[in-house]
Amino acid sequence: MITPLDLITAFLGIIAIGIAVVPFIPERRVPQALAAFGSLAAIVIMWASGETLFAGHTFHAWLWTVPGLGRMSLAMDRIGALFVFITGLIYLPVSIFSAGYIPRYTGRYSLKAFSAWYLALFASIVFIPVCGDILSLLVVWEVMSITSYLLVVYEHREERNARAGWLMLVMSEAGTLAMVIALLILAAHGGSLDFAGIRTGIAGLRSGTRWAVFLLSFFGFGVKAGLFPLNIWLPRAHPVAPGNISALLSGVILNLGIYGIVRVNMDLLPITSVGPGLVVLIVGAITALVGILYATVENDLKTMLAHSSIENMGIVTTALGAGLVFLAAGHATLAAIAFVAAFYHMINHSVYKGLLFLGASTVDMMTGTRSMDRLGGLIHRMPWTALAFLVGAMSISALPPFNGFASEWLTLQSILRSVELSSIGVKVAFALAGAMLALTAALAVTAFVKAFAMTFLGHARSELANNAKRATKTLIVPMLILASLCLTLGVTPTYVIPTLDRAFATYTHASATDALVPPFFLATKTNLHGLPADFVHDFSDLGAQSGKNFLPGRGLVVMHRGGEANPVVYAMSPAYTFIVLLLLLGLATGGVWLFAARRRRVVRRAEWDGGVRRLTPSMTYTASGFSQPVRVIFQSVFHPAVEEESRRATAGHFRLAIRRVHRDVYLPERLVFHPLTRLAQWIAACCARMQNGKLNTYAGYVFIVLIIVIIVGIVIW
Amino acid sequence: MSQWVFAGLKAGIVTTPYPRREDHAHGITPGRPRGGVVASPEEIASHCPVGALAATGEGITVDRGRCIHCPACRADIPWEETYEWATVPPEAKEAEVERPFRRSLHVLVVDAGDCGACLSEVGQLNNPYYNMHRLGFFITPTPRKADLLLLVGPMTEHMKLAVEKAYAAMPTPKRVMAVGTCAASGGIFGSSFVAGHGANEVGSVDVVVPGCPPPPLAILHGLLLVAGRAQEVVER
Amino acid sequence: MELNKLEKTLHDRFFERLTTRISSSFLDIECSTADLIEVSAMLFNEQACAFAGMIIEEEDVSWSLRYMFYNDHGMIQVMIAASHDQTEFPSISAHVHASDWHERAAEDLFGLSFSGHPRLGEFILHEQWPEGTNPMRRGFDARAPFSHWESRPDWEPPRVFDSPGAFSMPIGPIYSGIAESVHFQLETIGEEIVRVIPRLFYKYRAVEKLAQGRSVGEALLLAERFNGTSSFAHAFSFCQAVEKIAEVEIPQRARRLRAFLAELERLRHHVAALQGICSSTGLAVAASQAGILEEEMLRLSGVFAGHRYLFGLATPGGLTRDFTDEECRNVAGTASSIAQRLNKLERLLTRSSSFLDRLERVGIVTKDDALRYGLVGPIARASGSGRDLRTFLPYGGYEELLLSPVQEEEGDGYARLRVLFSEARESSRLLNDIAADLPSGDVCVPVEMRAGWALGWTEAPRGAAFHWVRIDDAGNVAEWRIIPPSFVNWHGFHLAAEGFAFQDFPIILATFGLSAAENDR
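Protein chains in written order, with this note's numbering: chain A, 1 to 717; chain B, 1 to 236; chain C, 1 to 521.
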């Protein structure tokens, strides 16, 4: 029998062979080789993590001993397996996509280097959740940071890319520093570098230390997860990376930040008070809102997607925070539901954001621009890309039957369950977070209506868009794989929820499966499986048992049951909804075809333009115009939008030209980083004043220092 | 806002009884000259500044497509205070077999060089005195939903393209109605280097409502004619 | 300033470079092309004269360009003459901005070019006309169909606003329910209108050209029918020009009745404009109430004058028909009752905050801008710069009538609404004054045509309407120029709409109450 460990070894072998072989392959074959190695490795690692995630085969393996520090180890539990599985899930289509995508760099940049880094990044990402001790985690984490930096600045001859990559590296290292301190505190108190050792040795930590570990790890991993206000690097780095790497950055690497937060605060040092959970909740909600606000007004397709990634990480974090609060407050079941919501959303985000980034990169590749103000009308030239992007946009806008709906719905429902909590303050925080998420959801629709409509519908707004090439199958197939995943994940929440629930059962000691997926398929007249009889009766009248004979599992209805007073708190079934939608669509199409289309002749005419001579592309709504109302309403967020206005006039009356330029300063930069920069400069300026070059001043300094040293010495003595 | 409810109620109903009964109110029509037997037809015809009057033997006929009811012939021949002026041109009579708009009619009003008076009279159909909605006639701003192209003005060169585009954008079945003397024949502006000879420049005209400007009831009569809900009044 | 003082001031500055002649309330200045800019800038900016318009006449061997100014003492004509092969003249519109569109029109129609004007071309004649087509030139045959159109598949309108994501929103020429054909190019980046470029002359019918060589009677038909909604005012203005050439004094009764009819038309026009404002704000009951009043005014005109839009009444020498004193008093009585109902409507409107919100501080034209663009009529009076020709340069029957001037200062939509209401009240009062004291006598005298030229003017419902007519030796119209108020006010329309949001645009348009037919002529 093949164990997960064998598979992981095989995976490592494939990657190693790949990295070793690529330099010897002719340049034009490199893309195919990359795709082959990448997808093969992805399949192997999905198999490996699947064994753990679905079948529960966890493993632990000792590696070698580092003198003076301890032994390094690999350990795969369900939660680690979940992250590894998602990585494989995204890497598979992205690797295929790369075969069609990276040839665009031929002759300008080295494809071989790209492939080597790409595979190394894959390995490092996979190993982060599998590390069983602090030492190996740090090593792999740094490999991941550096390879991802190298890939972001792959087009290194662009000034902008180098700057963005630099900022990403600096922020990432600052985060690593905080993370290291947090882990070292744990190691010091747990007396071991090994996770298992820490878990057993950590008990009885003072609350101050707990807070310190929480804050440091939340800060450290929050940088990677793109949480507010540590995300200034993200909207710069994600768009400048090559398209396939952007998909990985948003679809996979952001998850690692969440992984870190979970590993430290739920596994190694479980949070016991409500406070940290609330911090996570509020930071998450603010991240989501700020992210979507910028996504809505952004006109660069990839930058917009990067801001939207921030938003989605915010939603995941909010749900996570809600779960932590519920757990600390003793509502284990609600906590389980919230965690399920959080990780469901994280998976969904990986899938649809991967899809959207691939779509955006295809558009970029085929037109040469990412500016929505210059795109438009691409649905005619790139119909499959448009279809895939539309699925992604509908998913991210949380429209049923796609996956975003199921997880966002669960997230909002979990937050609404704050009525079960006793503290008024916590309730208010939940209410605020809920309101912010609701606003976020609404703005997300606006943002993606804009992204899809401005890119694919209407007139081509520039020659670039007009001359768009058709996308090749190598590019389209991966997008369609991800699009079908969006649909699958969307209609099968009753299968996703138990899988996720099992991953967290260790920490919550409660089951979301029982709370959310009633066993309608299993219930018979004689064995009700814990459901009240009239309940089963009512719901089978509604059709909740349809499919019972040929589908495995507990049922297709997601439902949360309350007490006697409110037997059903909330319920939905994307699966049945999907079937009904299909039926209605079929009926409508059939009806139109039967009664209208066959009898009438369809005549196509040019669009109605009010009678002008020519409707030029400059006469159609632009992306900026579409989001202008949002910009006006949320002026206080975008302010100060540096606005240059120049008017060219002759003799004051004839206005021949008006020019207006907006330059938004990103909110966290304005609120946090610019003040910090100014503070640093101010301190530097103060220090500079001390350096006046006079000998007696320096003598004075020496004297003052001496006195301070003496006083301190006396006090300590 | 309740004040408006009371103000509206207090005004009562002012709507014309037409088309159920004739409307006899004063000032609803400018009137127009009537042809017939007169004493010295040649001399009277020569008074007309637009050549709308023609002598035929012992009588006189009025070319409705040219008459702008200026008062030049007021002293010479009788004028009639009628308003059911809409006519169907002979070529349209043959072409039409069905009248698909009996219940409702969506009208696209296009100004092709009108002086403002015809347009103002069309606008009156929306006010409570005429209230064309009660008869199922609606103004639409887009040709996509329009059944009837209501044209005013002599068809200026600059509007020709727009009118052609609007006509092409209308779904079939569709009709064209020329309102006013300008739309009927080009009137006193057409045809010239910049103005055409009326609505027939764009397509076959189905109903003509002559007049300068035709009063609202005449336009209403034209709409009813398009809808197949009224008869032409034949001039004797 | 009185004209003789003005003449002296001019001589003090320009010495003998100017030739001036002065007759009763008419100052004629002939100057060289080189002095033109300075003379007109001095009149417009220093002497606060209003700019009426530019009149270009092509003669066999020469051009004459007349720049018409006026103040409350009379007309001032600055004339330059040039040989026929000179086609370039200095543009005065940098100093007299009101002449901007006049120069653009002249460029299109006569093929003259104005050096210093930054935006000539494609104004009256749209893009399909070949270069060098100048329909107002003498050799151009107006009645022959024109056929050599240029197809311009790559045509694009000029744009002013440049910003990432800026676009222009095209409106019209076919838009809205019942609207005149105008095209607006709104340049924007969403929400706020940064620049409005109205594209007019979709309805250009070349009436001035069509009248060439026609009899006065035929030209009069064009004068009253090129703009049906203020037909009488234009016919009135045209007749005055013709009567000045023929040097006829029209009977006192006709003068009073003309003023009576002009006020009747003004009242009807203002009611219609108010109806437009009410419906633009979506206030259905108010729009219906105003609609009822408008139809009643039309019926009143129909009953009284035989035509709902007062066509066919004015004629050189007087009026085509007489009215009894009794009829006039009845009309005045009905007008008073309509004015009372207007008062009631105004009271209701000023109590509807949802209505006022859409008008107050929306569509503002400042007094400076109004003066610089030379705006006229109710729009100018709402911006505090009203020059009502009825009191400023009284004409026709207005010399003996007492008018109280209407003026508001804010220049926003609400000020324009108030001006319309006040003027409607004032018109109804004038109707009663005139009907109460009608002199007896004839209403028409025969007119013997002779050669010559003259300028006639009236305060049409939308503002100052000038008609300049030259009669040839045969007694026919040789040249005719109309300077309608809408032409002037359309020029300034962009001032009101810029900086406001899309949803305010139809309301601003309604409060301006502009006519495309009157502008496009």
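Every residue, glycine too, gets a C-beta built ideally from N, C-alpha and C.
When only Cα atoms are considered, C:Val376 and C:Gly397 end up about 21 Å apart. A:Ala442 and A:Gly458 have their alpha carbons spaced roughly 23 Å apart. The alpha-carbon separation between A:Leu119 and A:Lys224 amounts to approximately 20 Å.
Across the structure, A:Ala471 and B:Ala169 are spaced so that their CA atoms are roughly 34 Å apart. Within the same chain, Cβ atoms closer than 8 Å to the Cβ of C:Met54 are found at Leu65, Arg66, Tyr67, Met68, Ser99, His102, Glu103, Ala106, the five residues on either side in sequence being excluded.
When C-beta atoms of the segment 226–242 of chain C are compared with those of the segment 398–406 of chain C, fewer than three pairs fall below 8 Å, so the two segments do not count as touching. Residue contact check for A:Gly458 against chain B: no CB pair falls below 9 Å. DSSP places C:Gln407 outside both helix and strand once states are collapsed to three, so it counts as coil. Residues of the segment 183–209 of chain B with a C-beta atom less than 9 Å from some C-beta of chain C are Gly187, Ile188, Phe189, Gly190, Ser191, Ser192, Phe193, Val194, Ala195, Gly196, listed in chain order.
At a beta-carbon threshold of 9 Å, the residues of chain B lying near C:Glu218 are Pro49, Val50, Ile188, ordered along the chain. For A:Val477 and C:Pro173, the gap between their C-alpha atoms comes out near 46 Å. For the set A:Pro235, A:Ala341, A:Ser422, A:Leu327, the Cα lying nearest the Cα of A:Ala406 is the one of A:Ala341. No Cβ of chain A is located within less than 9 Å of the beta carbon of B:Val152. The beta carbon of A:Ala116 sits closer than 7 Å to those of Ile19, Val22, all from its chain and outside the five residues before and after it, given in chain order. If you check each beta-carbon in the segment 106–119 of chain C against every beta-carbon of chain A, the ones closer than 7 Å belong to Pro118, Arg119. Contiguous alpha helix (DSSP H) elements confined to the segment 359–401 of chain C occur at 367–372, 377–382, 389–392, taking only those with 4 or more residues. When the Cα atoms are used, C:Gly333 and C:Gln77 turn out to be separated by approximately 42 Å. At a Cβ-Cβ threshold of 9 Å, A:Ile90 and A:Val252 count as neighbours.
Legend: CB atoms of the segment 609–624 of chain A lying less than 8 Å from CB atoms of chain C belong to residues Asp609, Gly610, Gly611, Val612, Arg613, Arg614, Leu615, Thr616, Ser618, Met619, Thr620, Tyr621, Thr622, Ala623, Ser624.
An exposed status is given to A:Leu69, since fewer than 16 other beta-carbon atoms sit within 10 Å of its beta-carbon.
For A:Arg605, the nearest CB of chain B lies under 9 Å from its own CB, placing it at the interface with that chain.
DSSP places C:Gln185 outside any alpha helix (DSSP H); the residue lies instead in the beta strand (DSSP E), whose first and last residues are 183–188. Taking a C-beta cut-off of 8 Å against chain C, the contacting residues of the segment 299–311 of chain A are Asn299, listed in chain order. Neighbours of A:Pro239 in chain C, taken as residues whose beta carbon is under 9 Å from its own, are absent, since the nearest beta carbon is some 16 Å off. The criterion of a C-beta distance shorter than 9 Å is satisfied by B:Ser192 and C:Arg205.
Taking 9 Å as the cut-off, the Cβ atoms of A:Ala61 and A:Gly132 count as close. Residue state for C:Trp468 is assigned as strand, using DSSP reduced to three classes. Contact annotation: in the segment 159–183 of chain B, residues whose CB is within less than 9 Å of a CB in chain C are Met159, Leu161, Ala162, Val163, Lys165, Ala166, Cys182. With respect to A:Pro93, A:Leu256 sits apart: the two C-beta atoms are not nearer than 9 Å. Looking at C:Gly217, C:Phe167, C:Met79, C:Arg253, the one whose alpha-carbon comes closest to that of C:Ser40 is C:Met79. Under the Cβ criterion of 9 Å, B:Asp63 is not counted among the residues facing chain C. Only residues of its own chain outside the window of five on either side were considered, and among them Tyr344, Leu489 have a CB closer than 7 Å to the CB of A:Val496, listed in chain order.
Unbroken beta strand (DSSP E) stretches of 3 residues or longer found wholly inside the segment 517–597 of chain A: 558–560, 570–572, given in chain order. Sequence-distant Cβ neighbours of A:Val630 in its own chain, meaning closer than 8 Å and more than five residues away, are Leu293, Thr296, Val297, Leu443, Thr446.
Taking 9 Å as the cut-off between beta carbons, the residues of the segment 133–165 of chain C near chain A are Arg152, Pro153, Asp154, Trp155, Glu156, Pro157, Arg159, Val160, Phe161, Asp162, Ser163, Pro164, Gly165, in sequence order. Here DSSP, grouped into helix, strand and coil, assigns C:Ile197 to strand.
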